[in-house]
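Data first, discussion second: the structure below is written as structure tokens.
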Amino acid sequence: MASFLSMGRDTYKIPLAMFRENRIKLAKSIKSMMDESALIVLIGGPSTTRFDSDNEPVFRQESYFWWVSGVKDPDCALILDEDGKMTLLVPNLPEDYATIMGHIKSLEEWKELYGADDVGFTEDLEQILESRVVANNKATKILLMEGPNTDSGKTYDLAPDFKSSKLVELQDKTSLFPILAECRVHKSKLELALLEHVSQISSFAHSYVMRHLKPGMMEYQAESLFMHYSYFNFGKATRPCCYLF
Numbered sequence: 004m005a006s007f008l009s010m011g012r013d014t015y016k017i018p019l020a021m022f023r024e025n026r027i028k029l030a031k032s033i034k035s036m037m038d039e040s041a042l043i044v045l046i047g048g049p050s051t052t053r054f055d056s057d058n059e060p061v062f063r064q065e066s067y068f069w070w071v072s073g074v075k076d077p078d079c080a081l082i083l084d085e086d087g088k089m090t091l092l093v094p095n096l097p098e099d100y101a102t103i104m105g106h107i108k109s110l111e112e113w114k115e116l117y118g119a120d121d122v123g124f125t126e127d128l129e130q131i132l133e134s135r136v137v138a139n140n141k142a143t144k145i146l147l148m149e150g151p152n153t154d155s156g157k158t159y160d161l162a163p164d165f166k167s168s169k170l171v172e173l174q175d176k177t178s179l180f181p182i183l184a185e186c187r188v189h190k191s192k193l194e195l196a197l198l199e200h201v202s203q204i205s206s207f208a209h210s211y212v213m214r215h216l217k218p219g220m221m222e223y224q225a226e227s228l229f230m231h232y233s234y235f236n237f238g239k240a241t242r243p244c245c246y247l248f
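In this note's numbering, each residue carries its 1-based index in the sequence shown increased by 3.
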């Protein structure tokens, strides 16, 4: 199993242990605050296109999902059990997608890449949940993310709409959001190390821009210098990290 995520070459190696620690932290918090057994379901950011075209904007993962999983790909989901074990669910892409997208990862490759305990397809989410509920002898709640972001005033609304009446009866849309939000407030040592790295990159890039700016240059040229320095030296994955936590 891979032990880190990296863009290759000398780019920063993000330990998969950081995300495992986050999952265990969340599972323990849920256990301490709920009497019933619970399964957590999180939906990752969806792939989108620019209005009615087939142009796909640069994708950036939903922050809560990334904090728990480390998964940077769109259209994924996950199930987290009370022990912090993660079942990663990925899109079941047709083989001919490889013509445009290149190699289509197998389930085992997904499992290896992100250190998941189990893997499956997103289209089987309800079936997997129902089998977990049946297998669990204890009363089980299915915790979904829904709640207001107190900074932006916007509502987190990526919770799935279950078709199964059994799952609808078990769903809880109020408990998870405040618990997960609080978990992200206190950073682990591994998180702090990554944030320090990203802060250093930003500082280096700003210094690079200031050294190369000349009178008469435009703001977009300054932005180009900043992005070039960051991407060329540290990989494109560095830019989102500063706000994903």
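Using N, Cα and C, we set each Cβ at its ideal position, and we do this for glycine too.
Here the structure is a predicted model, which means the values were calculated and not measured.
Which of helix, strand or coil DSSP assigns to residue i
i	result
T255	In the structure as shown, the chain starts at 4 and stops at 248, and residue 255 therefore has no counterpart that could be examined.
S40	strand
K16	coil
L146	strand
P94	coil
P181	helix
M89	strand
V122	strand
L110	helix
Q130	helix
S6	coil
L161	coil
F248	Low local confidence applies: a pLDDT of 47 at F248 is under 50, so the model's placement there is unreliable, with the coordinate-based value given in what follows. The answer is coil: DSSP assigns F248 none of H, G, I, E or B.
Residue burial classification, residue i (beta-carbon count within 10 angstroms, cutoff 16)
i	result
Y67	buried
T52	exposed
S279	The requested residue 279 does not occur in the structure, where the chain is confined to residues 4 to 248.
K157	exposed
Q64	buried
Q203	exposed
Y100	exposed
A138	exposed
I84	What sits at residue 84 in the sequence shown is Asp, not Ile. By the neighbour-count rule (16 or more Cβ atoms within 10 Å), D84 is buried.
V61	exposed
F54	exposed
I33	buried
L116	buried
A20	exposed
T90	buried
I82	buried
From the options, residue whose alpha carbon lies closest to that of residue i
i	options	result
A119	M10, K34, I27	I27
E129	S168, L110, Y100	S168
L170	M10, V44, S9	V44
A162	I145, T153, D154, S155	I145
L228	G238, F237, A208	A208
Y211	F54, E194, N236	N236
K31	D86, F124, S206	D86
E194	M10, R12, V93, I17	I17
- Answer yes if the region 67 to 79 comes into contact with the region 22 to 38, meaning at least three C-beta pairs across the two stretches below 8 Å, and no otherwise. With contact defined as three or more Cβ pairs closer than 8 Å, the region 22 to 38 and the region 67 to 79 are in contact.
- Query: Is there contact between the region 135 to 149 and the region 36 to 50, where contact requires at least three CB pairs shorter than 8 Å?
  - Reply: Touching, per the Cβ criterion.
- Task: Please go through the region 182 to 228 and give each complete alpha helix (DSSP H) segment of 4 or more residues, from N-terminal end onward.
- Result: Qualifying alpha helix (DSSP H) stretches, in chain order: 192 to 215.
- Message: Contact between the region 178 to 195 and the region 211 to 229 is defined here as three or more beta-carbon pairs at a separation below 8 Å; is this criterion met?
- Response: Too few Cβ pairs lie closer than 8 Å, so no.
- Message: Taking contact to mean 3 or more Cβ pairs, one atom from each stretch, closer than 8 Å, check whether the region 4 to 12 and the region 171 to 183 are in contact.
- Response: Touching, no.
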